[in-house]
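Colleague: Numbering (our numbering), first residue to last: 4 to 221. Here a beta-carbon is modelled for each residue, glycine too, at the ideal position from N, C-alpha and C. This is the structure I have questions about; it appears just below.
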């Protein structure tokens, strides 16, 4: 028994040591990541300051252009531009700054155009989906026979709004349709939902019998 207890204690200590080592490793990694992040932040701050100084030294480069570059460039591109400006002759710096700003504006315009295109495509897809659903719904409605419609009318009167399991009960009256199909048809004829069964059915039947594209007078 003593050996078993010692083995269990050793196993527990090993687990605790492992957990402590993992926690220490995570702590070191977190501290290292934080240190690297702070280093990158300071470097970016330094490069932005240098870039502003270069922009300020170019008479034709305004404050707006300077801020667009310093705030819009990613860290890597910012460093690349600053390094290039430091290595370039003074006469070439204005052209480099203008080229960098032009590229930045072009990237922004490209992103905006891509976003507009995505939005337009999404709207087209939504519109197409609505049309497809409307056509499918119309096809489902046209499939109802006169006998089914009469049974539906009877079911709506027998089970008015507020009745428990209304749609399932009405579907049982129709017998040939599911509760979902009953609901889909009734949604196409709003008057049926508010109890105006006679008027709504009369108009619905008249619309069904009217030539395609010609609404029944009412």
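Could you give the C-beta distance for residue 172 and residue 164, rounded to a whole number, given that I count them as a contact under 8 Å?
Modeller: The Cβ separation is near 12 Å, so there is no contact.
Colleague: Between residue 63 and residue 104, which are expected to be in contact by the criterion C-beta below 8 Å, what is the C-beta distance as a whole number of angstroms?
Modeller: That belief does not hold up - the Cβ atoms of residue 63 and residue 104 are roughly 12 Å apart, past 8 Å.
Colleague: Are there 16 or more other CB atoms within 10 angstroms of the CB of residue 118, so buried, or fewer, so exposed?
Modeller: Counting Cβ neighbours within 10 Å, residue 118 comes out exposed, since fewer than 16 surround it.
Colleague: Whole-angstrom Cβ separation of residue 69 and residue 58, contact assumed at under 8 Å?
Modeller: Going by Cβ atoms, the distance from residue 69 to residue 58 rounds to 4 Å, so yes, they are a contact pair.
Colleague: Within the same chain, show all residues whose beta-carbon is closer than 6 Å to that of residue 84, passing over the 5 residues directly before and after it, in chain order.
Modeller: Within the same chain, residue 84 has close Cβ partners 103.
Colleague: Please give the ranges of any beta strand (DSSP E) in the region 45-88, keeping only runs that are unbroken, at least 3 residues long and fully inside the region.
Modeller: As far as the region 45-88 is concerned, it has no whole beta strand (DSSP E) run of at least 3 residues.
Colleague: To the nearest angstrom, report how far apart residue 88 and residue 51 are at their CA atoms.
Modeller: Their backbone Cα atoms lie some 12 Å apart in a straight line.
Colleague: Quick one, which of 78, 187, 114 and 11 has its alpha-carbon nearest residue 45's?
Modeller: It is 78.
Colleague: Can you tell me whether residue 91 is helix, strand or coil according to DSSP?
Modeller: It is coil, neither helix nor strand.
Colleague: Nearest to residue 176 by alpha carbon, out of 158, 188, 18 and 184?
Modeller: If we check each option's Cα against that of residue 176, 158 comes out closest.
Colleague: By the 10 Å Cβ neighbour count, where 16 or more other Cβ atoms means buried, how is residue 160 classified, buried or exposed?
Modeller: Flag for residue 160 reads exposed.
Colleague: Roughly how many angstroms separate the alpha carbons of residue 98 and residue 35, rounded to a whole number?
Modeller: Each residue's alpha carbon lies about 40 Å from the other.
Colleague: Do residue 54 and residue 81 count as a contact pair if the criterion is CB distance below 8 Å?
Modeller: Cβ atoms of residue 81 and residue 54: closer than 8 Å.
Colleague: Measure how close the beta-carbons of residue 180 and residue 151 come, nearest whole angstrom, since I'm counting them as under 8 Å.
Modeller: About 6 Å; that satisfies the 8 Å criterion.
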